[in-house]
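All remarks here apply to the structure that follows.
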Amino acid sequence: MAKYSTKEGRMYLRIRNLCGFLGISLPWLALFSAGIAEHPGDDWWWSISATYYQSPALVGVLVPAALVLISYIGYDNSDNFLTSLAGIFGLGIVLFPCKVSWIPDGTPVGFFQMPVELSHMVHVGSAGIFFLAIALNSIFQFTKSGSTMTNRKVIRNRIYRICGYGMIVVEAIFLYAYVTKAPGYIAMILEIILLHLFGFAWLVKGGAFPFLNDKEEEKPGDTSDPITASSGI
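Going by this note's numbering, the residue at position 111 of the sequence shown is 447; the numbering climbs one at a time, nothing skipped.
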């Protein structure tokens, strides 16, 4: 991996890796911490969102990730808009908990003490916008480059697009499963896939995999990322 000319460049790579790590670790931390707690119902594991009522993992992981996304400075205004949008709606996932079988309708929940059935609607909408913004960021922002690209940058761009379009496809499957009332545990499976696609794209962008990073002699002449201009990432 090429050396970075500034501390700021290294800092932004660490931020990207942090986002990626938080995304991949969230489902497993949530399942583990909720799994050792008292279970209010047999469907406690059917979604990561349901673990909100049993474990602090969802709040403890998603809130920092959302704040990082809101404060992240990207390539340009469109990049900043997408990451900030994702961060804001990531907070919405936490502030407006989902509906679960063991909490009756009308029960006030979440930061704003909204009836659970209304909170659930905001929660679902927030999750959809969060992943859509992350997907678009991966497809259109992570793939930007300068006038020339190394072979490894071409490979990374393919990974970014696979992750981004993959998230959109999984979201469509999620919507279909929701409308057709598919078995509840399907939500957990799809959420794990979404978070791993999100996390992997950000880890690649953060240079976490040396075999995907540009070698010193391959560095392009310029790059559209002013923060890590010497990295070719």
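The beta-carbon is built from N, C-alpha and C at its ideal position, and this holds for glycine as well. Quick caveat: nothing in here was measured; it's all calculated off a predicted structure.
Proximal residues to residue i (C-beta, below 6 Å), its chain only, five neighbours per side dropped
| i | result |
| --- | --- |
| L533 | C499, G502 and M503 |
| L362 | V397 and L531 |
| P574 | Since the first residue shown for the chain is 337 and the last is 569, residue 574 is missing from the structure and cannot be characterised. |
| Y389 | none |
| V445 | P433, V452 and S455 |
Close beta carbons around residue i, own chain, < 8 Å, minus the five adjacent residues each side
| i | result |
| --- | --- |
| L539 | R352, N353, G356, F357, I360 and F545 |
| T387 | A366, L367, S369, A370, W380, W381, A393 and L394 |
| T443 | P451 and V452 |
| L472 | L418 and G500 |
| Y496 | S474, I475, F478, T479, A537, V540 and K541 |
| A513 | I522, A523 and L526 |
Residue burial classification, residue i (beta-carbon count within 10 angstroms, cutoff 16)
| i | result |
| --- | --- |
| F447 | exposed |
| A373 | exposed |
| F510 | buried |
| Q449 | exposed |
| D415 | buried |
| E527 | buried |
| S570 | Because the chain here runs from 337 to 569, residue 570 falls outside it and cannot be looked at. |
| P433 | buried |
| V515 | exposed |
| L403 | exposed |
| A469 | buried |
| S407 | exposed |
| R492 | buried |
Expected contact under 8 Å - CB spacing of residue i and residue j to nearest Å
| i | j | result |
| --- | --- | --- |
| L405 | T419 | 5 Å |
| A537 | F467 | Between F467 and A537 the Cβ distance is about 12 Å, and since that is not below 8 Å, they are no contact. |
| K489 | D441 | K489 to D441, Cβ: 51 Å. No contact. |
Other residues of its chain near residue i: CB distance less than 7 Å, five sequence neighbours each side excluded
| i | result |
| --- | --- |
| G529 | Per the sequence shown, residue 529 should be read as Ile rather than Gly. V506, listed in sequence order. |
The region 423 to 436 in contact with the region 450 to 464 per 3-pair CB rule at 8 Å: yes
Cβ contact (3+ pairs, closer than 8 Å) linking the region 511 to 531 and the region 444 to 458: No contact exists between the region 511 to 531 and the region 444 to 458.
Residue ranges of each alpha helix (DSSP H) within the region 479 to 526, 4 or longer: List check, alpha helix (DSSP H) in window: 487 to 515.
Every unbroken beta strand (DSSP E) within the region 398 to 482, with a cutoff of 3 residues, ordered by chain: none
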